[in-house]
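Protein sequences appear in the order of chains A, B and C.
Residue numbers for the first sequence follow full-length UniProt numbering, so the first one is 1 and each next one is one higher.
Residue numbers for the second sequence follow full-length UniProt numbering, so the first one is 1 and each next one is one higher.
Residue numbers for the third sequence follow full-length UniProt numbering, so the first one is 1 and each next one is one higher.
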Amino acid sequence: MIYSLSNEKPIFQQIRERVEDAILDGQLQSEDRIPSTNEFAKEYQINPATAGKGVNELVEKGVIYKKRGVGMFVSTDARKILIAERKENFFAQHIEPLKKEAVRLGISDEELQNMLQRG
Amino acid sequence: MKIDVRNVSKLYKQKHALKNVSFTIEGPKIIGFLGHNGAGKTTFLNLLAGLIPATEGHIRINGENVFNAPAILRNICFVAESGNFQEDMTIAQCLKANRFFYPKWDEQLANELLQVFALNPKDKVRNLSKGMVSALGIITGFASHAAITIFDEPYIGLDVAARNTFYDLLIDQQIEHPRLFLLSTHLIDEASELFEEILILQEGELLLQKTAEQWDQYIVAVKGNAQDVERAILDLEVIYKHIFMHDMTAVVYAKGRAIEGENITLENVSLQDLLVYLSKQQKERLVK
Amino acid sequence: MKTVQGSLYVFFQSYKKSNIIFWCILFAIVLLSFFIDTFFGQYITFAMTISIPVYIFYSTMGAKILNKTLPYFLKLGLSRMQYVWNVGLFFIVWSLIGAFIIACTHKMISFVSNLLDYQNMVIIHPLFFFSSSDSFFLTMAIDTVLLLLCLISSLLLNVVFYRFGTLGGYSFIGVMALIPIMMVIFGWYSPLLVTLSKASTLQIISSLLGMIIIIYIVISSALRKAPAMPS
Numbered sequence: 001m002i003y004s005l006s007n008e009k010p011i012f013q014q015i016r017e018r019v020e021d022a023i024l025d026g027q028l029q030s031e032d033r034i035p036s037t038n039e040f041a042k043e044y045q046i047n048p049a050t051a052g053k054g055v056n057e058l059v060e061k062g063v064i065y066k067k068r069g070v071g072m073f074v075s076t077d078a079r080k081i082l083i084a085e086r087k088e089n090f091f092a093q094h095i096e097p098l099k100k101e102a103v104r105l106g107i108s109d110e111e112l113q114n115m116l117q118r119g
Numbered sequence: 001m002k003i004d005v006r007n008v009s010k011l012y013k014q015k016h017a018l019k020n021v022s023f024t025i026e027g028p029k030i031i032g033f034l035g036h037n038g039a040g041k042t043t044f045l046n047l048l049a050g051l052i053p054a055t056e057g058h059i060r061i062n063g064e065n066v067f068n069a070p071a072i073l074r075n076i077c078f079v080a081e082s083g084n085f086q087e088d089m090t091i092a093q094c095l096k097a098n099r100f101f102y103p104k105w106d107e108q109l110a111n112e113l114l115q116v117f118a119l120n121p122k123d124k125v126r127n128l129s130k131g132m133v134s135a136l137g138i139i140t141g142f143a144s145h146a147a148i149t150i151f152d153e154p155y156i157g158l159d160v161a162a163r164n165t166f167y168d169l170l171i172d173q174q175i176e177h178p179r180l181f182l183l184s185t186h187l188i189d190e191a192s193e194l195f196e197e198i199l200i201l202q203e204g205e206l207l208l209q210k211t212a213e214q215w216d217q218y219i220v221a222v223k224g225n226a227q228d229v230e231r232a233i234l235d236l237e238v239i240y241k242h243i244f245m246h247d248m249t250a251v252v253y254a255k256g257r258a259i260e261g262e263n264i265t266l267e268n269v270s271l272q273d274l275l276v277y278l279s280k281q282q283k284e285r286l287v288k
Numbered sequence: 001m002k003t004v005q006g007s008l009y010v011f012f013q014s015y016k017k018s019n020i021i022f023w024c025i026l027f028a029i030v031l032l033s034f035f036i037d038t039f040f041g042q043y044i045t046f047a048m049t050i051s052i053p054v055y056i057f058y059s060t061m062g063a064k065i066l067n068k069t070l071p072y073f074l075k076l077g078l079s080r081m082q083y084v085w086n087v088g089l090f091f092i093v094w095s096l097i098g099a100f101i102i103a104c105t106h107k108m109i110s111f112v113s114n115l116l117d118y119q120n121m122v123i124i125h126p127l128f129f130f131s132s133s134d135s136f137f138l139t140m141a142i143d144t145v146l147l148l149l150c151l152i153s154s155l156l157l158n159v160v161f162y163r164f165g166t167l168g169g170y171s172f173i174g175v176m177a178l179i180p181i182m183m184v185i186f187g188w189y190s191p192l193l194v195t196l197s198k199a200s201t202l203q204i205i206s207s208l209l210g211m212i213i214i215i216y217i218v219i220s221s222a223l224r225k226a227p228a229m230p231s
């Protein structure tokens, strides 16, 4: 097992994120085959139904698609869809708390911008 | 397979081992059957397998009462904690005997598993170690292909590697021959991700029955400043509360409701932790 | 049908070893007796009994069978009635086998005694109380019934202990022990002996069979709702 799943987030979410990360990092290209639900279940020793839930969310988003009897594949638009979604999350998850903490520490907008450039 | 439990009570010497338990489960599914010692797990599993009569209520499988009903019981394989085999028989004879009683017995799987668990078919049950008897029970459970397979503490005396083999097998079998697996175990952390549904018994009563999906929103830990936490959980049922340096951790039944409040964080509670909290709660109640 | 086969298989495998050991010891004693008789036969008369040790052994066999096998078979999905049937069937087969071996042994002993010309070798068998015949089939018939009675009555004792615990079990033994005492007190034994001696072998066998059936019915009804663990 290369990755082990942690306890903090629901398992199906971790599986979904793992596939998404692999697509964003370019490890998975469009039309690449991804493991089946059962393969995920066996790999991480989790209930097949739970694994299925993570995979199904990806199918619903259009990131992957099923070919009957063959398996599941990364769709052509996968990266585009994911980047759009992540950008939205990025603001909520990182920018908003960043701003909040900056206010708490008395960092001015200008100072913050300088910091961002440095980082 | 549908198991329907209605108002089941079991009295042992005037003491309630089970109190008015009702629920329905439907398979194929892997179900975790949890609770601490003396919560009534084994008593319930014995009732389900038709081994003991209920004092009140009934257990029906696909609409038929299980007690003394061989046609139904043929679909159940119950691997108990101990005493599953005749001491004077060899492993090979035990497995041969199973062929007569489980209509869907998978001889090939049984032979494969003998090698996986490194058992010698010529050994007598009397001379086996605890772990080996557990392994024989596991082989019986899986090779029976019974629509309802019950494992009550199936891996006493087995090491981590062998337990891992068990989990792998469970997933494999669930994929290839889906059935209703009921697994009762103390090693909750190891097994919790295998469950699709969870039933927890406490003091002979059914405390909760949730799917793994519902679980995350059902019980949560609220953390933060004591006052903030108190305000957030005002009208919720509390399982456990702990204060350290003005910080409070409160484990509550959120029951799917969103908990809101200033400066608090919400965390998931693992099954293992919940059982610890529950036993603390029970002890407190006893002290009072 | 398959479960009947399976049950018999399990019973045979479970009781095979203790039975083999028992018969080996018994035959060893018979052989030893022949041996001693060869050297000291002119001084003493030998009375041999094969059947009585077998009755005792069968009684011990039946006395534990419930604790040993009922939980096991219930786990395998048999109903309690099926279990009682299968035990009955196993008892019949096992009694037939026992009786057959006893009868063969008798024949063998008399054959060897005749061959080696031992006049002072006497075989004791319950049959000789009622009849002077020593036919193979009669011996076998009466032994089968007696062995069956041994098995079934010890099973009854096991049932009492299983259902009512140690206290109930010993109380039952106490009540049973009263019967012979009462017989002596009220002098019932002499008419009983008279009836027995007058009765034909067939009458004896059929009344024993009747007893077996009654005990069997009692056992079946006592186990109808029995749990898989003794109380």
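Glycine included, C-beta positions come from ideal geometry on N, C-alpha and C.
Here the structure is a predicted model, which means the values were calculated and not measured.
Taking the C-alpha atoms as reference points, what is the distance between B:Phe78 and C:Ala199? Taking the first residue of the second sequence as position 1, residue 78 of chain B is located at position 78. Taking the first residue of the third sequence as position 1, residue 199 of chain C is located at position 199. The straight-line gap from Cα to Cα measures roughly 52 Å.
Interface positions of the region 59 to 82 of chain C facing chain B (Cβ-Cβ less than 8 Å), listed along the chain: Lys68, Thr69, Pro71, Tyr72, Leu74, Lys75, Leu76, Gly77, Leu78, Ser79, Arg80, Met81 and Gln82
Taking the alpha helix (DSSP H) that A:Tyr65 falls in, what are its first and last residues? What you label residue 65 of chain A is simply residue 65 of the first sequence in a count that begins at 1. Element bounds for A:Tyr65: not the alpha helix (DSSP H) but the beta strand (DSSP E), Ile64 to Lys67.
Own chain, CB closer than 7 Å to A:Thr76, minus 5 neighbours either side, in chain order: Here residue 76 of chain A refers to the residue found at position 76 when the first sequence is read from its first residue. So the list reads Ser30, once near-sequence residues are dropped.
Can you grab the Cα-Cα spacing for the pair B:Leu169 / C:His125, in whole Å? Walking along the second sequence from the start, residue 169 of chain B turns up at place 169. Walking along the third sequence from the start, residue 125 of chain C turns up at place 125. Looking at the two C-alpha atoms, the distance is approximately 60 Å.
Mind checking which residues open and close the beta strand (DSSP E) that includes B:Lys15? As a working note, residue 15 of chain B is residue 15 in the second sequence. Unbroken beta strand (DSSP E) run through B:Lys15: Lys15 to Glu26.
Using a Cβ cut-off of 9 Å, pull out every chain B residue sitting near A:Pro48, in sequence order please. On the first sequence, residue 48 of chain A is found 48 positions in, with the first residue counted as 1. Those are Ile30, Ile171, Gln174, Ile175, Pro178 and Glu196, listed as they occur along chain B.
List the residues of chain A whose Cβ lies closer than 9 Å to the Cβ of B:Cys146, in chain order. Counting from one through the second sequence, the residue named residue 146 of chain B turns up at place 146. One point to set straight first is that residue 146 of chain B is Ala, not Cys, in the sequence displayed. Those within 9 Å of B:Ala146 in chain A number zero; the least Cβ separation is about 19 Å.
Return the residue from the list A:Glu101, A:Arg79 and A:Lys42 that minimises the CA-CA distance to A:Glu20. Position 20 of the first sequence, counted from the start, is the residue given in the question as residue 20 of chain A. Nearest of A:Glu101, A:Arg79 and A:Lys42 to A:Glu20, Cα basis: A:Arg79.
Just list the residues that DSSP pairs A:Val103 with in beta bridges. What you label residue 103 of chain A is simply residue 103 of the first sequence in a count that begins at 1. Per DSSP, none; premise fails for A:Val103.
The alpha helix (DSSP H) spanning C:Ser154 covers which residue range? As a first step, residue 154 of chain C must be located in the third sequence, where it is residue number 154. Run containing C:Ser154: Phe136 to Phe186, per the alpha helix (DSSP H) assignment.
Counting only beta-carbon separations shorter than 7 Å, does residue 153 of chain A have a partner in chain B? Only positions 1 to 119 of chain A appear in the structure, and residue 153 of chain A is not among them; the question remains open.
If you draw a straight line from the alpha carbon of B:His58 to that of C:Thr3, how long is it in whole angstroms? For this step, residue 58 of chain B is matched to residue 58 along the second sequence. For this step, residue 3 of chain C is matched to residue 3 along the third sequence. B:His58 and C:Thr3: Cα-Cα distance of roughly 26 Å.
Note down, in chain order, each residue of its chain lying with its Cβ closer than 7 Å to the Cβ of A:Gly62, except the 5 sequence neighbours on either side. Here residue 62 of chain A refers to the residue found at position 62 when the first sequence is read from its first residue. Hits under 7 Å: Ser75, Asp77 and Ile81.
Local Cβ density within 10 Å of B:Arg285, reported as buried at 16 or more and exposed below that: Walking along the second sequence from the start, residue 285 of chain B turns up at place 285. Answer is exposed; the Cβ neighbour count stays below 16.
For B:Gly216, which residues in chain A fall below 7 Å Cβ to Cβ? Taking the second sequence and counting its residues from 1, the one referred to as residue 216 of chain B is at position 216. Here residue 216 of chain B is Asp; the residue named in the question, Gly, does not match the sequence. What B:Asp216 touches in chain A: Pro10.
Along chain B, in chain order, which residues have C-beta atoms closer than 9 Å to that of C:Gln203? Along the third sequence, one-based indexing puts residue 203 of chain C at 203. Correct list: empty, because the minimum Cβ distance to chain B is about 38 Å.
Between B:Asp228 and the rest of its own chain, which residues show a CB-CB distance below 7 Å, the 5 nearest in sequence each way excluded? Translated into the one-based positions of the second sequence, residue 228 of chain B becomes position 228. So the qualifying residues of the chain are Gly261, Glu262, Asn263 and Ile264.
Ignoring anything shorter than 3 residues or poking outside the region 75 to 102 of chain B, list the beta strand (DSSP E) runs there in chain order. 76 to 79
May I ask you to report which of helix, strand or coil DSSP gives B:Asn37? Numbered from 1 along the second sequence, position 37 holds the residue referred to as residue 37 of chain B. DSSP places B:Asn37 in coil when its eight states are reduced to three.
Of the choices A:Leu116, A:Ser36 and A:Gln45, whose alpha-carbon is the least far from that of A:Val55? Within the first sequence, numbered from 1, the residue matching residue 55 of chain A stands at position 55. Considering only alpha carbons, the answer is A:Ser36.
Look at the Cβ atom of B:Asn268, then the Cβ atom of B:Asp216, and state whether they are nearer than 7 Å. Taking the second sequence and counting its residues from 1, one reaches residue 268 of chain B at position 268. Taking the second sequence and counting its residues from 1, one reaches residue 216 of chain B at position 216. Cβ distance < 7 Å, so B:Asn268 and B:Asp216 count as in contact.
Output needed in chain order: residues of the region 85 to 113 of chain A with a Cβ under 9 Å from some Cβ in chain B. none
Closer than 7 Å to chain B by CB, C:Tyr9: Position 9 of the third sequence, counted from the start, is the residue given in the question as residue 9 of chain C. For C:Tyr9, the answer is yes, since a Cβ of chain B falls inside 7 Å of its Cβ.
List, in order along the chain, the chain A residues whose C-beta lies closer than 8 Å to that of B:Glu193? Position 193 of the second sequence, counting from 1, holds the residue named residue 193 of chain B. Chain A residues near B:Glu193: Leu5, Ile11, Tyr44, Gln45, Ile46, Asn47 and Thr50.
When the Cα of B:Ala135 is compared with those of B:Gln115, B:Lys122, B:His145 and B:Ala146, which residue comes out closest? Reading the second sequence from its first residue, position 135 is the one you call residue 135 of chain B. If we check each option's Cα against that of B:Ala135, B:Gln115 comes out closest.
Out of B:Asn111, B:Phe33, B:Asp273 and B:Ile91, point me to the one whose CA is closest to C:Val10's CA. In the third sequence, residue 10 of chain C corresponds to position 10, counting from 1. For C:Val10, the nearest C-alpha among the options comes from B:Ile91.
Would you say A:Asn56 lies against chain B (beta-carbon separation less than 7 Å)? Locating residue 56 of chain A in the first sequence gives position 56, counting from the first residue. For A:Asn56, the answer is no, since every Cβ of chain B falls outside 7 Å of its Cβ.
Quick check on the burial criterion: 16 or more other C-beta atoms within 10 angstroms. Buried or exposed for B:Tyr12? As a working note, residue 12 of chain B is residue 12 in the second sequence. Classification for B:Tyr12: exposed.
Beta-carbon proximity list for B:Arg6, same chain, < 7 Å, skipping 5 on both sides: In the second sequence, the residue the question calls residue 6 of chain B occupies position 6. Ser22, Gly57 and His58.
Considering A:Leu24, what are the terminal residues of the beta strand (DSSP E) in which it resides? Indexing the first sequence from 1 puts residue 24 of chain A at position 24. Taken as a continuous stretch (DSSP letters only), A:Leu24 belongs to no beta strand (DSSP E), being part of the alpha helix (DSSP H) at Ile11 to Leu24.
Test item: CB-CB of B:Gln281 and B:Ile219 under 7 Å: Walking along the second sequence from the start, residue 281 of chain B turns up at place 281. Walking along the second sequence from the start, residue 219 of chain B turns up at place 219. No, the Cβ-Cβ distance between B:Gln281 and B:Ile219 is not below 7 Å.
Residue 291 of chain B: contacting residues in chain C (beta-carbon distance under 9 Å): Because chain B is modelled from 1 through 288, residue 291 of chain B falls outside the range shown and cannot be assessed.
Applying a beta-carbon distance threshold of less than 7 Å, which residues of chain A neighbour B:Tyr167? Translated into the one-based positions of the second sequence, residue 167 of chain B becomes position 167. Here the neighbours are Gln45.
Going by C-alpha distance, which of C:Ser110, C:Phe100 and C:Gly187 is nearest C:Trp23? Within the third sequence, the letter at position 23 stands for residue 23 of chain C. Measuring from the Cα of C:Trp23, the nearest candidate turns out to be C:Phe100.
With the cut-off set at 7 Å, would you say B:Ala49 and B:Gln202 are in Cβ contact? Residue numbering aside, residue 49 of chain B sits at position 49 when the second sequence is read from its first letter. Residue numbering aside, residue 202 of chain B sits at position 202 when the second sequence is read from its first letter. Their beta carbons are not under 7 Å apart, which means B:Ala49 does not touch B:Gln202 by this criterion.
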